[in-house]
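Comments concern the structure below.
Chains as they are written, first to last, in the working numbering: chain S, 1 to 109; chain E, 1001 to 1114.
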């Protein structure tokens, strides 16, 4: 199971783009990269998942370079409601979902 | 319906009590999970059920006893808990057991052991 490293916290202002980078140097060939968001006293919520290159959905984009040793979650034009903890997870078909320490994003008005 | 429900929302119990947490999903998912989360920490996996059978027990103390009566329901029976067991208990489900499948989490049960 590949270990992930993320910044402990980040600050931003409303309307800005936020990029959270996750390092996973020992990612395996069949590992996926998944991001979850968690608000206080709620369960985590799936944001996006990718394997390589770029994935985009209605809430975020995920950029994965060719070597796959890192990934970047991009949140366009954040609002106060994006204040949350963001978890990067890496794992394959047979792996359990193991949460790392996460990044605490604080958005200011 | 993409919702996982958990009851109760809050639970206060003494160390000699027996209580149960309940979780329900109607998405046809065949994998269900229990996680424990302490304040300002990431969720920690406790148990995994696959097709109603226990597939993973993360060395959880026997005072926590999971049960999967059918594919939609998951229970966690609690007995003789300790104050350090106070935490948010999260239930989740996914199509199959694999980190590549999206997990849907419930809102959690906030447990306080006195």
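We put the beta carbon where it would ideally sit given N, CA and C, even for glycine.
Exercise. Thinking C-beta only, is residue 33(S) closer than 8 Å to residue 62(S)?
Worked result: Reading the first chain from its first residue, position 62 is the one you call residue 62(S). Reading the first chain from its first residue, position 33 is the one you call residue 33(S). Judged by their CB atoms, residue 62(S) and residue 33(S) are nearer to each other than the 8 Å cut-off.
Exercise. Quick one: is residue 1042(E) near chain S, going by C-beta distance under 8 Å?
Worked result: Residue numbering aside, residue 1042(E) sits at position 42 when the second chain is read from its first letter. Residue 1042(E) counts as touching chain S.
Exercise. For residue 80(S), which three-state DSSP category applies?
Worked result: The sequence position of residue 80(S) within the first chain is 80, counting from 1. The answer is helix: DSSP assigns residue 80(S) an H, G or I state.
Problem set entry | Members of the region 69-99 of chain S near chain E, C-beta cut-off 9 Å | 85, 87, 89, 90, 91, 92, 93, 94, 95, 96, 97, 98 and 99
Exercise. Hey, which unbroken runs of the beta strand (DSSP E) at 3 residues or more fall wholly within the region 1015-1100 of chain E?
Worked result: 1018-1025, 1031-1037, 1044-1050, 1053-1057, 1064-1070, 1073-1079 and 1087-1094
Exercise. Got a sec? Which residues, its chain only, sit under 6 Å from residue 15(S) by beta carbon, not counting five neighbours each side?
Worked result: The sequence position of residue 15(S) within the first chain is 15, counting from 1. Within the same chain, residue 15(S) has close Cβ partners 77.
Problem set entry | Straight-line gap, residue 29(S) to residue 68(S) (C-alpha atoms, nearest Å) | For the purposes of this step, residue 29(S) is taken as residue 29 along the first chain, with counting starting at 1. For the purposes of this step, residue 68(S) is taken as residue 68 along the first chain, with counting starting at 1. Roughly 9 Å separates the two Cα atoms.
Problem set entry | Of the listed residues 1009(E), 1006(E) and 1030(E), nearest to residue 1098(E) (C-alpha basis) | Residue 1098(E) sits at position 98 when you count from the first residue of the second chain. Checked all of 1009(E), 1006(E) and 1030(E); the closest Cα to residue 1098(E) is 1030(E).
Exercise. Terminal residues of the continuous beta strand (DSSP E) containing residue 1005(E)?
Worked result: Mapped onto the second chain, residue 1005(E) falls at position 5. Its beta strand (DSSP E) spans residues 1004-1007.
For this session: Provide the residue span of the beta strand (DSSP E) that contains residue 1012(E), from first to last.
Result: The residue given as residue 1012(E) occupies position 12 in the second chain. Segment 1010-1013, the beta strand (DSSP E) holding residue 1012(E).
For this session: Using 10 angstroms around the beta-carbon of residue 24(S), count the other beta-carbons present and answer buried if the total reaches 16, otherwise exposed.
Result: Counting from 1 along the first chain, the entry for residue 24(S) is found at position 24. Buried, by the Cβ-count rule.
Problem set entry | Below-8 Å beta-carbon distance, residue 7(S) vs any chain E residue | The residue labelled residue 7(S) in the question sits at position 7 within the first chain. No Cβ of chain E is located within less than 8 Å of the beta carbon of residue 7(S).
Exercise. Does the region 1009-1022 of chain E come close enough to the region 54-61 of chain S that 3 or more CB-CB pairs lie under 8 Å?
Worked result: no
For this session: Taking C-beta pairs closer than 9 Å, name the residues in chain S that residue 1115(E) reaches, listed in chain order.
Result: Residue 1115(E) is absent from the structure shown; chain E starts at 1001 and stops at 1114.
Problem set entry | 8 Å Cβ cutoff, residue 34(S) in contact with chain E | As a working mapping, residue 34(S) is identified with position 34 in the first chain. Interface residue, yes.
For this session: Could you tell me the distance, in whole angstroms, from the CA atom of residue 64(S) to the CA atom of residue 22(S)?
Result: Walking along the first chain from the start, residue 64(S) turns up at place 64. Walking along the first chain from the start, residue 22(S) turns up at place 22. Straight-line Cα distance between these residues: approximately 10 Å.
Exercise. Using a C-beta cutoff of 8 Å, does residue 1100(E) count as contacting chain S?
Worked result: For the purposes of this step, residue 1100(E) is taken as the residue at position 100 of the second chain. Closer than 8 Å to some Cβ of chain S, the Cβ of residue 1100(E) qualifies, so yes.
Problem set entry | Endpoints, the beta strand (DSSP E) within which residue 104(S) is located | As a first step, residue 104(S) must be located in the first chain, where it is residue number 104. Unbroken beta strand (DSSP E) run through residue 104(S): 103-108.
Problem set entry | Contact between the region 97-104 of chain S and the region 1078-1085 of chain E (3+ Cβ pairs under 8 Å) | no
For this session: In the DSSP assignment, find the unbroken beta strand (DSSP E) run with residue 30(S) in it and report its ends.
Result: Counting from 1 along the first chain, the entry for residue 30(S) is found at position 30. Note, residue 30(S): premise wrong, no beta strand (DSSP E); not H, not E.
Exercise. Excluding the five sequence neighbours on either side, which residues of its own chain have a C-beta within less than 6 Å of the C-beta of residue 1094(E), listed in chain order?
Worked result: In the second chain, the residue the question calls residue 1094(E) occupies position 94. Cβ neighbours of residue 1094(E) beyond the five flanking positions: 1029, 1031, 1101 and 1103.
Problem set entry | DSSP state of residue 51(S) mapped onto helix, strand, coil | Numbered from 1 along the first chain, position 51 holds the residue referred to as residue 51(S). Coil, per DSSP.
For this session: Decide if the region 6-13 of chain S is in contact with the region 1051-1069 of chain E; the criterion is three or more beta carbon pairs, one per stretch, under 8 Å apart.
Result: no
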